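Going by this note's numbering, the first sequence opens with residue 297, and the numbers climb by one from there.
Glycine included, each C-beta is placed from N, C-alpha and C at the ideal position.
Quick caveat: nothing in here was measured; it's all calculated off a predicted structure.
Notes follow the structure.
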Amino acid sequence: MTPEQLRDLVRTAVGAAVERGTLAVAVPDDLVVERPRNPEHGDYATNVAMRLAKPAGRPPREVAEVVAEELRALDGIDRVDVAGPGFLNITLAQGALGRLAVDVVTAGEAYGRTGALAGTRIDLEFVSANPTGPVHIGGSRWAAVGDAIGRLLEASGADVTREYYINDAGAQIDRFARSLQAAATGQPVPEDGYGGTYIADIAAQVVAVEPDVTGRDEAAQVQAFRERGVALMVDEIRRSMEDFGVDFDVWFSEKSLYDSGAVEKAIGRLRDQGHVYEADGAVWLRTTTFGDDKDRVLVKADGETTYFASDCAYYLDKRARGFDKVVIMLGADHSGYVGRYKALVAATGDDPAEHLEILIGQLVNLLRGGEPVRMSKRAGTIVLLSDLVDAIGVDAARYALARASVDQMIDIDVDVWSRQTNDNPVFYVQYAHARISSLLRNAADLGLPLGEATAVEAGLLTHERENDLLRALAEFPRVVTSAAELRAPHRVARYLEELAGTYHRFYDACRVLPRGDEEVTPLTTARLWLCAATAVVLRNGLAVLGVSAPERM
RNA sequence: GCGCCCGUAGCUCAGCGGAUAGAGCAGGUGCCUUCUAAGCACUUGGUCGCAGGUUCGAGUCCUGCCGGGCGCGCCA
């Protein structure tokens, strides 16, 4: 039995009491059934009586007794105790809990998935690093976390489009193009240009494709380096994302919004809606109407449009593509962007609370040997996502980046991370999976298939460690659901660490396979199912994080 | 100055109003002729930054302070 099923039983019990007239309240729909920390408090506990005490106008413990009485009569419940201030401590009937092992294996990949967001189309934008250089280590966090959030939303049934916004318009792209041109022609790095070694690589690639490029006039050269260079840079970024296990569905060009006239149209639309005005020679969007700190410029006095102007067009484009919700993940260095973006959405006539969600994640702190490293594209002290992957591998990198709350700043010391790969909890989790895989291989070698689900005597799983493991497995769907709701993939990681620990302790205490000439018993089979169920949950959980579940280590 | 985030064990961090606050690492002591020891058991370690408030109950919510990070451009 899962906590969800038990919650339904509790609801049924409350309803029965109301029916009977022993309790005068409305049946709550937000009641909580959870696994108590202390095993003496039963398999599950609920605070429903404490929540109902006030509406019922009776002491919590009295309400608890009433509900407990109804609950005891239900199927699958062994005992119900009233404890403390009014908790109901519930112990499930033999077998009701163990049956979960069979249910999990049967559900397989579907275990933990829900339909909570079925029918919702979500556009999820993350990373979106400028195509003026490779993705550095700061962007790696958003790659790991953003993709995991996408997987979580998908696990909740949402239709997710992963999107990368390519800032291929504007001044920084001009600087990039001029830097390429300078590198190709042997000139020094321009003022405010980019000087990393990758610039020379890209420049050489452009020249390889267009050997005569350096013979053209200045403007034509810069033009060619801009187009070819950006395309090559985007290719490189795409490759590093793919190598990291992140596949974007859409690579959206900012420049295309200008080329198609979408930016002009967006400004026109906002003007028609009465939110645009002119002052000091510039065109402004009156975002203060919608709670922003100050109004924002769309077109500068020199006639150039701002980044914000293309954002207006970009948002409208996303909505026109049919997304119900636009989610954007940004680093804390862009937190000032939230207010104006919400205002923009409101100005278009949408409700920001419904259609927009901006997730802010704290920045990574890059260290080397304990010393802070200041990254500079000019000085070449840039540390790349690929450097991290080369050092510790995709699994370890993704896991380490995703296991921290995005509200928390994290230190990445490539030296330390490289040296201490065995300290990365990912291996603890993966090891549990490899261990089970090995055990199931051995079982197969002994001619011990799992067999028919109906034949499993789940009631035999009565050992304390077995119960711990079953309860942990039962939690998984709730962990996924809440992690998805909170956009907090780190919760899945932390859960997996607990599950792995629970499994290791079970493994230590409960022999699964017969040794020597021992006989195969129904308990052997039941435990095999329990192991298989654990492997399923470890796989499903790791999959949410984009981390592999190895069969051997 | 204003906005957002953080402050929990020696270190790095979990803890979406619940019972005796947890994990990893670091330190100490044990456990492999039997399913993977990348494991397990035991053990050391806490004014949950400080002060008020809200309530049956606060690490969690509110207010004010202290300390740290980020942001407050006709930059991106």
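{"Asked": "Can you tell me whether Asn720 is buried or exposed? The criterion is at least 16 other CB atoms within 10 Å of its CB, across all chains shown.", "Found": "buried"}
{"Asked": "Taking C-alpha atoms, which residue in Leu663, Glu653, Leu420 lies nearest to Tyr633?", "Found": "Glu653"}
{"Asked": "Is the segment 734 to 747 touching the segment 795 to 809 in the sense that three or more CB pairs, one from each, lie closer than 8 Å?", "Found": "yes"}
{"Asked": "For the segment 746 to 765 against the segment 676 to 689, do three or more pairs of beta-carbon atoms, one drawn from each stretch, fall closer than 8 Å, so that the two count as touching?", "Found": "no"}
{"Asked": "Taking 8 Å as the threshold, find out whether the segment 410 to 428 comes into contact with the segment 616 to 631 through three or more Cβ pairs.", "Found": "yes"}
{"Asked": "Using the Cα positions of Gly372 and Leu302, report the straight-line distance between them to the nearest angstrom.", "Found": "9 Å"}
{"Asked": "Among all the DSSP beta bridges, which residues are the ones paired with Phe383?", "Found": "Ala379"}
{"Asked": "Where does Phe619 fall in DSSP's three states?", "Found": "coil"}
{"Asked": "Nearest-angstrom Cα distance between Asp443 and Asp545?", "Found": "12 Å"}
{"Asked": "In angstroms, rounded to a whole number, what distance separates the CA positions of Pro430 and Asp531?", "Found": "10 Å"}
{"Asked": "When you compare only the Cα positions, how much space is there between Gly663 and Ala696?", "Found": "With the sequence shown as reference, residue 663 is identified as Leu, and Gly is not the correct amino acid for it. Their Cα atoms are separated by approximately 15 Å."}
{"Asked": "Which residues in the same chain have their Cβ closer than 8 Å to the Cβ of Arg368, if we skip the five residues on either side of it in sequence?", "Found": "Arg375, Val376"}
{"Asked": "Run through the DSSP bridge pairs and tell me what Met346 is partnered with.", "Found": "Answer is none; Met346 lacks a bridge partner."}
{"Asked": "Put Thr817 into one of helix, strand or coil per three-state DSSP.", "Found": "coil"}
{"Asked": "Going by other Cβ atoms of all chains shown within 10 Å of its Cβ, with 16 needed for buried, is Val328 buried or exposed?", "Found": "exposed"}
{"Asked": "DSSP three-state label for Pro745, please.", "Found": "coil"}
{"Asked": "Would you tell me roughly how many angstroms separate the C-alpha atoms of Arg522 and Val485, rounded to the nearest one?", "Found": "16 Å"}
{"Asked": "Between Leu792, Tyr727, Gly747, which has its C-alpha nearest Arg848's C-alpha?", "Found": "Tyr727"}
{"Asked": "Grouping DSSP H, G and I as helix and E and B as strand, with all else coil, what is Ser549?", "Found": "strand"}
{"Asked": "What residues match up with Pro668 in a beta bridge as DSSP calls it?", "Found": "Leu663"}
{"Asked": "Is Arg592 near Arg636, with beta carbons less than 9 Å apart?", "Found": "yes"}
{"Asked": "CB Gly272 to CB Arg787, shorter than 9 Å?", "Found": "The structure shown does not extend to residue 272, since the chain spans only 297 to 849, so no value can be given for it."}
{"Asked": "Note down the Cα distance separating Gly755 from Ala829, rounded to an integer number of angstroms.", "Found": "16 Å"}
{"Asked": "Look up Glu574 in the DSSP assignment and say whether it is helix, strand or coil.", "Found": "strand"}
{"Asked": "So what does DSSP say about Thr583, is it helix, strand or coil?", "Found": "helix"}
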